[in-house]
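What follows is a single structure, written as structure tokens, with notes after it.
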Amino acid sequence: MDPGRQAMINGWKSPLQGDRDARDRRVAGGGRDGDRERDRDITGPRFDSSNRISKTHRPPPSKSTGANSAAAASGRYLTQDQQSEQFVADEDKFVLNQAKKKADIRVREHRAKPIDHLAFNLRFIDTDRDIFDDHDADAEISILGPEAVLESLGEAQLRELDEDIRSYHTLECNKKNKEYWTALLALCADRRQKLKPQGPEGRAVTSVASDVDRILSPKSLAQLEALEKQIRAKLQSNEPIDTDYWEQLLKSLLVYKAKATLKSICEEVKAARVGLLKTRDLEKARELEASDGYAGAAPALGSAGSSSKPASRPSAAVMASASASASAGSSSAPPPGTARFAVVGTEDFSQATKALYDREVAKGISEGEEIFTAEEEVPGVSKPLWADKYRPRKPRYFNRVQMGYEWNKYNQTHYDHDHPPPKVVQGYKFNIFYPDLIDKTKAPTFKIIREHGRRKGESLAPAGSEDTCLIRFIAGPPYEDIAFRIVDREWDYSAKKERGFKSSFDKGILQLHFQFKKPVRGRVARAMGDIGL
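Using full-length UniProt numbering, the final residue of the sequence shown is 533, and nothing's skipped along the way.
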């Protein structure tokens, strides 16, 4: 028998590999390994001293590792304060986006307010804007320059515009957009100051205005910033200087600095519009590039005749004219419950009220809504008992009236989709601000007042018109009662989303939202409603 085969049967090594195995044993450490190798089961696993199979030992976690994991966990989860801050930030972002969308819509439909023109200007370089809100024809719309918008307005309209600009400035987070609104705030304040009557001190400043213009107008933004540092250093020094002159020069410099900032942003807007037009109409792009990028003259913004469509939020001038026409009893007076006029003198202008008011204004006006300020004298009111202890004030408010079409049988017969009937009042949204109530445990209330002894459900109005009533809001010190004239119809108390009844008082805001019950509609009326009428 072959010696190698015999060695395999006996469990030995082949004699041909004896020398090699001997060398391996000497390296591994002696003859005991050879005996172990000879005695092992040939079918069993081979022993390898360099590869030990055993369970690995896992050391216990150290204190530092536990601290790091806790820190990582805290980074993944927000605290309650952080969640509240995040919620407010998301809400502000949503309100800002909605305001921008509504401004775009009003500009496209040629019924824009001054603030809409200013917001539409910024849309071409706004990196935070949703690209799905863009229209291909937006670059072809003839837009007004910011300074032209400001110069076309009067004092009352500038006051309203200033509030609108502050709303955008408060909600905006983008750095470039923030600079745009900051510059507009400075120019709006300067324009309002120029429209005020000047006293002797103002006339003295005007006498050197030409010299100031000659010094500052040719300078760039960088030069103005360097000059601002020099003037501030001079005012803070102990040198004997004409303080009034240098302070006035600093005020003028800040205005010119705002103009330079606005000019730089407008050049970026123009370049963006030219780039968009080159993909659509090369000839128009060349014309725009050769011009300053804006329309030649601003129309009478905010006036009643500026648009064939009613503006969703009238200016102060429109409110005043509506008040005058209503008092004169003209035939062109608005429907009952929709009259609008400016508020009177004892209005609440506290900082808390202004913050609530700005937040509500920033939400804008939805389609089918209008601003509603038909304030009336509260009947039978006398001086409150607490008037000697607290200064009485009227609460501020931002109310909306909801308008729409009513497809009764007469309107179905005489009107259609192309020629719809006149809009009628369908509901109201009252938002009245009481942030400084002395007794915050008692929520403000309201009640309905019907004149001339008329009861609920009775009608004394002539044919073709509707009965009206007063809704009176009652709070407590330091706020006076306030009343509005509304259409007297049956309210819908259902809890429908967006259109349901809401009556709440939270965080200093009394909200009363309601719509009137709708009459039963036929098949034609339902079809009209399905197409948006």
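Just so you know, even glycine gets a beta-carbon here, dropped at the ideal spot from N, CA and C. Please read all numbers here as calculations on a predicted model, not as lab measurements.
Subject >> Counted within 10 angstroms of its Cβ, other Cβ atoms place G380 as buried (16 or more) or exposed >> reply: Classification for G380: exposed.
Original post:
Between which two residues does the alpha helix (DSSP H) harbouring F120 extend?
Top reply: Bounds of the alpha helix (DSSP H) holding F120 are 114-122.
Original post:
When the Cα atoms are used, what is the spatial distance from G275 to D134?
Top reply: Roughly 15 Å between the two C-alpha positions.
Original post:
Taking DSSP as the reference, what is the three-state secondary structure of D104?
Top reply: Three-state DSSP puts D104 in a helix.
**OP:** Identify the continuous beta strand (DSSP E) that holds N431 and give its terminal residues.
**Re:** Per DSSP, N431 belongs to the beta strand (DSSP E) from 424-433.
Original post:
Do you know whose CA, among R489, D506, D128, H513, lies nearest G500's CA?
Top reply: Nearest of R489, D506, D128, H513 to G500, Cα basis: H513.
**OP:** Compare the beta carbon distance of P420 and I432 with 9 Å and say whether it is the shorter of the two.
**Re:** Not closer than 9 Å, so no.
Original post:
Grouping DSSP H, G and I as helix and E and B as strand, with all else coil, what is V274?
Top reply: In this structure, DSSP gives V274 a helical state, which the three-state scheme calls helix.
Original post:
For E480, which of Q82, K502, E376, N411 has the nearest alpha-carbon?
Top reply: The shortest Cα separation from E480 among Q82, K502, E376, N411 belongs to E376.
**OP:** Could you check the C-alpha separation between F398 and K101 for me, to the nearest Å?
**Re:** Taking the straight line from one Cα to the other gives about 20 Å.
**OP:** Identify every residue that forms a DSSP beta bridge with C469.
**Re:** C469 is bridged to I486.
**OP:** Go ahead and pull the three-state DSSP assignment for S94.
**Re:** Note on identity: in this sequence residue 94 is Phe, with Ser being the wrong assignment. Helix, per DSSP.
**OP:** For K518, name the three-state secondary structure that DSSP assigns.
**Re:** Looking at K518 - three-state DSSP - the assignment turns out to be coil, as it is neither helix nor strand.
Subject >> Residues bridged to S220 (per DSSP) >> reply: Bridge partners of S220: none, in fact.
Original post:
Assuming F124 contacts V269 under a Cβ cut-off of 8 Å, what Cβ separation, rounded to an integer in Å, is found between them?
Top reply: Between F124 and V269 a beta carbon distance of about 5 Å is seen, short of the 8 Å cut, so the two are scored as contacting.
Subject >> Of the listed residues W386, L118, L221, D281, nearest to A137 (C-alpha basis) >> reply: Of the listed residues, the one whose Cα sits closest to A137 is D281.
Subject >> Of the listed residues R111, L158, I509, K389, nearest to A355 (C-alpha basis) >> reply: In terms of Cα proximity to A355, the closest of R111, L158, I509, K389 is I509.
Original post:
Going by alpha carbons, who is nearest to I486 out of K423, I9, R450?
Top reply: For the residues K423, I9, R450, the minimum Cα distance to I486 belongs to R450.
**OP:** Reducing DSSP to helix, strand and coil, say where W407 ends up.
**Re:** Coil, per DSSP.
Original post:
By Cβ distance below 8 Å, which residues in the same chain neighbour I115 in space, the five residues on each side in sequence not counted?
Top reply: The residues are A103, L161, D164, I165, Y168.
Original post:
For F132, does the count of other Cβ atoms within 10 angstroms reach 16, so buried, or fall short, so exposed?
Top reply: Counting of Cβ neighbours within 10 angstroms places F132 among the exposed residues, the total staying below 16.
Subject >> Which of helix, strand or coil DSSP assigns to R232 >> reply: Judged by DSSP in its simplified three-state form, R232 adopts helix.
Original post:
Leaving out five residues before and five after A258 in sequence, what residues of the same chain have Cβ atoms less than 7 Å from its Cβ?
Top reply: Excluding five sequence positions before and after A258, the CB atoms of its chain that fall closer than 7 Å to its own CB belong to A183, A186, L187, given in chain order.
**OP:** Spatial neighbours of I471 within its chain, please: CB distance less than 7 Å, with the 5 preceding and 5 following residues excluded, ordered by chain position.
**Re:** In its chain, beyond the 5 residues on either side, F446, I448, A483, F484, I486 have a beta carbon closer than 7 Å to the beta carbon of I471.
Subject >> Proximity winner among F505, G457, Y77, relative to K440 (alpha-carbon distances) >> reply: If we check each option's Cα against that of K440, F505 comes out closest.
Original post:
What's the C-alpha gap between A311 and S459?
Top reply: For A311, the predicted model reports a pLDDT of 37, less than 50, meaning its position is unreliable; a value from the coordinates is still stated below. Distance between the alpha carbons of A311 and S459: 32 Å.
Original post:
What number of angstroms, rounded off, separates the C-alpha of D358 from the C-alpha of Y390?
Top reply: Roughly 25 Å between the two C-alpha positions.
**OP:** For my contact list, A260 and L221 are in at a C-beta cut-off of 8 Å; report their separation, rounded to the angstrom.
**Re:** At roughly 4 Å, the Cβ-Cβ gap stays under 8 Å, so A260 and L221 are in contact.
Subject >> Nearest-angstrom Cα separation, counted from E155 out to E370 >> reply: Approximately 23 Å between the Cα atoms of the pair.
Subject >> Separation of E239 from V361, as counted between CA atoms >> reply: CA-CA distance, V361 to E239, rounds to 48 Å.
Original post:
For P200, does the count of other Cβ atoms within 10 angstroms reach 16, so buried, or fall short, so exposed?
Top reply: Caution is warranted here: a pLDDT of 46 is assigned to P200, below 50, making its placement in the model unreliable, and no coordinate value can be reported.
Subject >> Endpoints, the alpha helix (DSSP H) within which D162 is located >> reply: Unbroken alpha helix (DSSP H) run through D162: 155-171.
Original post:
For E239, does the three-state DSSP call read helix, strand or coil?
Top reply: In the three-state reduction of the DSSP assignment, E239 falls in the coil class, being assigned neither a helical nor a strand state.
Original post:
How many Å lie between A387 and F430 at the Cα?
Top reply: Their backbone Cα atoms lie some 26 Å apart in a straight line.
Subject >> N-terminal and C-terminal residue of the beta strand (DSSP E) that D506 is part of >> reply: D506 -> beta strand (DSSP E) spans 502-506.
Original post:
Just to confirm, are L262 and E147 a CB contact at a threshold of 9 Å?
Top reply: Yes. Within cutoff.
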